[in-house]
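Numbering (our numbering), first residue to last: 130 to 409.
Below is one structure, written out as structure tokens; the observations come after it.
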Amino acid sequence: MYKNGSTANITVLLSLLESNSFSEMSDRLYAYQSIIKMDKKLIEDNKTKMSELEKSSESIKHKQENLQAINEDINKKLSLTNEKKSEVDKKRADLLNEKEKIANKIKENEEKLISHQLSVVYSDNPTYSQLNDAIVNLKGLLPQISTASVKSKINSAISEAQYKLSLMNNNSNSSNDDNNTSYKATYEMEATAYYGHGITAMGTKPVRDPNGLSTVAVDKTVIPLGSKLYIPGYGYAIAADTGGAIKQMKIDLFMNTREECYAFGRRKVTVHVIAYPGEW
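Encoded structure:
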């Protein structure tokens, strides 16, 4: 009531003056003082609570701002993550596409490599010698082939050639010794050796098979890739690879181990070209 200014004070004063006795006046004064004291306390309590409420409101506002900042940071990082994922997905798709292109190119090269032998095997009137040569050549090429469908074609052609040979029942002394035939070309070359387990320039697997066809690297402007060669002391080979240092009259012979390469060293060799691509 003390907050109402002069009107409240006059009301209190009149109330005191209307007392019937000093004792009643004293009681009324005490009551008014108690009310004023309680009113002040209530006001102070309200102020304290208002202050606490304001502090709490500020704290909530600060936390909301922090949450908003955290949320913005999360969204930013999520956006970056999505961008990186898109980049990774694109690179993965590009890689798969590139691998598919390489696989198709390897398959194309391998099919070209065996096309002549298959044409011989499936021709109408192949000779005994032609069929026998085709079997030898296909068996020699098989370890260098990596495409499953091409391997299947080779195995089917070998079976077909063997079946036709059995029907011919030809006991002639046919020979596959290319040393007794005329060569397409003969070169005296400087030879080195290499090893490893990658793929050749033709996309085939490099092989060292003394009893079959081995892999050699050549200068393809001198000896076309896919040519069949005979190298005395090394054996039959296919020119399937190239190399940065293999130029002109240089040839690199594939070996199975580093030790074999060291043992071979560098030496002069004779290289006979038995057949060019598409001729064997």
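C-beta atoms are modelled at their ideal positions from N, C-alpha and C, and glycine is treated no differently.
| query | result |
| --- | --- |
| S262 (DSSP reduced to helix, strand or coil) | Per the sequence shown, residue 262 should be read as Asp rather than Ser. Correct three-state label for D262: helix. |
| Simplified DSSP assignment, three categories, for T140 | helix |
| Three-way DSSP call (helix, strand, coil) for T344 in this model | strand |
| For H401, three-class secondary structure by DSSP | strand |
| Spatially closest choice to K376 from P406, A320, S185, by CA coordinates | A320 |
| Cβ neighbour criterion (16 or more within 10 Å) applied to A374 | exposed |
| Closest by C-alpha distance to I238, when choosing among L171, V279, I139, E153 | A small correction: the amino acid at residue 238 is Asn; Ile does not occupy that position in the sequence shown. Answer by Cα proximity: V279. |
| The region 256-272 in contact with the region 282-295 per 3-pair CB rule at 8 Å | yes |
| N149, DSSP secondary structure in three states | coil |
| Cβ-Cβ separation, A330 to I352 (assumed contact under 8 Å), whole Å | Their Cβ separation, rounded to whole angstroms, is 12 Å, which puts I352 and A330 out of contact at 8 Å. |
| Bridge-paired residues (DSSP) for L358 | A366, V402 |
| Top-ranked residue by Cα proximity to G407, from D218, E240, Y312, K178 | E240 |
| Local conformation of N302 per DSSP, three classes | Bear in mind that the predicted position of N302 carries a pLDDT of just 46, short of 50, making it unreliable; the figure below should be weighed with that in mind. N302: coil per DSSP, three-state reduction. |
| Proximity of T386 and Y324 at Cβ, strictly below 8 Å | yes |
| Reference T86; option with closest CA among E389, M378, E388 | Residue 86 lies beyond the residue range present for the chain, which begins at 130 and ends at 409; the question has no answer from this structure. |
| Close beta carbons around W409, own chain, < 8 Å, minus the five adjacent residues each side | H245, Q246, D262, N266, K357, I403 |
| Assigned secondary structure, D331 (DSSP; H/G/I helix, E/B strand, else coil) | Asp is not the amino acid found at residue 331; the sequence shown has Met there. Of the three classes helix, strand and coil, the one that applies to M331 here is coil, per DSSP. |
| G362, buried or exposed, once every other Cβ within 10 Å from all chains shown has been counted against 16 | exposed |
| For K324, three-class secondary structure by DSSP | Inspection of the sequence shows that residue 324 is occupied by Tyr rather than by Lys. The answer is coil: DSSP assigns Y324 none of H, G, I, E or B. |
| Where Y365 falls, given that 16 or more other Cβ within 10 Å makes a residue buried | buried |
| Neighbour-count burial assignment, F151, 16 or more Cβ in a 10 Å radius | exposed |
| Y316 versus V336 - alpha carbon distance | 22 Å |
| Reduced DSSP category for Y312 - H, G, I as helix; E, B as strand; rest coil | coil |
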